[in-house]
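In my numbering, the protein residues as written are 10 to 86. Backbone N, C-alpha and C fix where the C-beta goes; we use that ideal spot for every residue, glycine too. All of these numbers come straight from a predicted model, not from anything done at the bench. Right, one structure below, let's go through it.
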């Protein structure tokens with residue numbers, strides 16, 4: 010998911026996803042796996058998603074090896 014999206018920014022989307030999971034009694038560690046992406050590289054934009062409980066973070070242009078590493082670490086493959 011990108012931080013900057015047209016309808017809703019990625020950080021708001023993360024908060025809403027995690028709120029739905031919490032309302033259903035699901036811990037975020039067992040919920041949706043979220044990898045944030047962005048062209049922004051300042052600390053403020055990196056810290057906020059992790060506080061919102063994203064699982065990984067990648068800067069654009071996306072390094073395919075890093076993406077695959079995160080996917081494996083999250084047991085998605």
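Nearest-angstrom Cα separation, counted from residue j out to residue i
i, j, result
"residue 30", "residue 70", "30 Å"
"residue 11", "residue 68", "10 Å"
"residue 32", "residue 47", "28 Å"
Classification of residue i by the beta-carbon crowding that lies within 10 angstroms, buried from 16 upward
i, result
"residue 34", "exposed"
"residue 45", "buried"
Sequence-distant residues of its chain with Cβ nearer than 8 Å to residue i (five each side left out)
i, result
"residue 27", "37, 40, 61, 62"
"residue 18", "12"
"residue 76", "44, 67"
Nonlocal neighbours in the same chain, by C-beta distance under 7 Å from residue i, ignoring five residues either side
i, result
"residue 85", "42"
"residue 51", "none"
Chain-order list of residues whose beta-carbon lies under 6 Å from that of residue i (same chain, five-residue window excluded)
i, result
"residue 57", "20"
Residue i CB to nearest heavy atom of the ligand SAH below 8 Å
i, result
"residue 55", "Annotation note on the ligand SAH: not contained in the displayed structure, which lists no ligands."
Practice task
Check whether the stretch 59 to 73 touches the stretch 20 to 32, counting contact only when three or more Cβ pairs, one atom from each stretch, lie closer than 8 Å.
Solution key: yes
Problem - Within the stretch 25 to 71, ranges of the alpha helix (DSSP H) (whole runs, at least 4 residues) - result: 52 to 60
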